[in-house]
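Numbering (the working numbering), first residue to last: 2 to 259.
Backbone N, C-alpha and C define an ideal beta-carbon position, used for all residues, glycine too.
Taking it in order: structure first as structure tokens, then the write-up.
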Ligand code: COA
């Protein structure tokens with residue numbers, strides 16, 4: 002059993018909670034290793050449709066990498082700590098939708114992990130930032146690459162060069178989060194969104210996610226062709242037959258995930 006993570010399942014939704022509230026849920030090696038192991042299990046668990054990632058306590062989602070681990074580290078030690086697979090990449094290519102439920106400080110590697118998720122729901126008390134510049138560092142969890150793709154190079158540059166924090170309203174304004182809700186409604190509203198998505202065909206969700214993710218790496222012409230092929234691939238699934246039949250017969254669809 003993991004020591005730094007809590008796993009709770011409600012219907013087809015799994016909530017993964019990083020449980021180091023006294024350290025603002027900072028990502029140390031143990032958290033990263035345990036998260037990789039748990040995500041491996043969840044990826045092939047058919048009872049799970051959607052994953053919600055959050056941090057324990059009232060104050061922080063994740064306040065970044067554990068800065069204590071950086072002290073005295075050589076570049077070689079650091080390169081070893083950054084070996085693949087990395088949680089950011091695993092999260093961004095995860096076969097099931099992942100929602101970041103952002104309950105507080107969302108900084109550095111925490112912000113990068115949230116960006117690696119598919120959707121972000123934030124409490125109105127959440128604060129966001131890439132403060133690595135204040136440590137003589139740059140973002141190392143994909144922040145220089147994924148953040149500009151999400152919010153545009155200007156906003157990313159401002160966050161990365163100043164290290165300043167922004168509030169939830171501004172995060173929504175620049176497209177860093179998709180929803181901001183009152184802190185006391187964060188869990189309910191996030192779980193409602195997660196349950197809505199988890200009720201769709203898991204197979205079709207996977208294909209839809211794969212297509213949207215591809216838009217981040219493919220030129221538009223290639224992306225459109227890729228979408229066409231995936232769309233046609235859906236015609237081979239039982240869930241497409243069922244979805245179309247259910248619509249025409251005016252009844253709810255019963256997904257098989259096949
Ligand atoms: N790594 C390791 N420990 C961290 C941490 C991090 N990224 N962020 C917070 N902590 C620890 C603090 O050292 C402190 O531990 P202690 O009680 O043993 O001294 C505890 O969490 C509480 O943090 P504290 O700074 O006392 O709370 P605060 O409310 O005054 O400030 C933050 C909260 C998040 C603004 C502040 O902790 C902070 O700036 N953290 C670092 C953020 C950062 O630079 N992240 C990028 C890392 S690359």
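With residue i and residue j assumed to form a contact (beta carbons below 8 Å), what rounded beta-carbon distance in angstroms separates them?
i: residue 140; j: residue 167; result: So it is not a contact: roughly 15 Å between Cβ atoms.
i: residue 13; j: residue 199; result: 4 Å
i: residue 240; j: residue 202; result: 4 Å
i: residue 180; j: residue 122; result: 4 Å
i: residue 88; j: residue 120; result: Actually they do not touch by this definition, with Cβ atoms about 17 Å apart.
i: residue 28; j: residue 110; result: 5 Å
i: residue 58; j: residue 96; result: Going by Cβ atoms, the distance from residue 58 to residue 96 rounds to 29 Å, so no, they are not a contact pair.
i: residue 32; j: residue 11; result: In fact, because the Cβ distance is near 22 Å, the residues do not count as touching under 8 Å.
i: residue 182; j: residue 124; result: 7 Å
i: residue 132; j: residue 108; result: 6 Å
i: residue 86; j: residue 37; result: 6 Å
Taking the straight line between their C-alpha atoms, what separation do you get for residue i and residue j?
i: residue 173; j: residue 184; result: 15 Å
i: residue 259; j: residue 71; result: 46 Å
i: residue 189; j: residue 75; result: 44 Å
i: residue 217; j: residue 127; result: 26 Å
i: residue 178; j: residue 118; result: 11 Å
i: residue 63; j: residue 194; result: 21 Å
i: residue 135; j: residue 35; result: 28 Å
i: residue 138; j: residue 206; result: 37 Å
i: residue 151; j: residue 50; result: 24 Å
i: residue 225; j: residue 91; result: 25 Å
i: residue 25; j: residue 158; result: 25 Å
i: residue 214; j: residue 69; result: 34 Å
i: residue 252; j: residue 242; result: 13 Å
i: residue 44; j: residue 145; result: 27 Å
i: residue 4; j: residue 40; result: 15 Å
i: residue 155; j: residue 147; result: 13 Å
i: residue 55; j: residue 79; result: 26 Å
i: residue 165; j: residue 42; result: 37 Å
i: residue 163; j: residue 256; result: 48 Å
i: residue 248; j: residue 237; result: 18 Å
i: residue 227; j: residue 93; result: 19 Å
Just list the residues that DSSP pairs residue i with in beta bridges.
i: residue 160; result: Answer by DSSP bridge pairing: none, since residue 160 is not bridged.
i: residue 73; result: In the DSSP output, where bridge partners are listed per residue, residue 73 has none listed.
i: residue 107; result: 63 and 129
i: residue 121; result: 101
i: residue 9; result: 16
i: residue 28; result: 66
i: residue 55; result: 18
i: residue 178; result: DSSP lists no partner for residue 178.
### Query
If you measure from each residue's Cβ to the nearest non-hydrogen atom of ligand 1, which ones come out under 7 Å, in chain order?
23, 24, 25, 27, 60, 61, 64, 65, 66, 67, 68, 69, 106, 108, 109, 110, 132, 133, 135, 136 and 138
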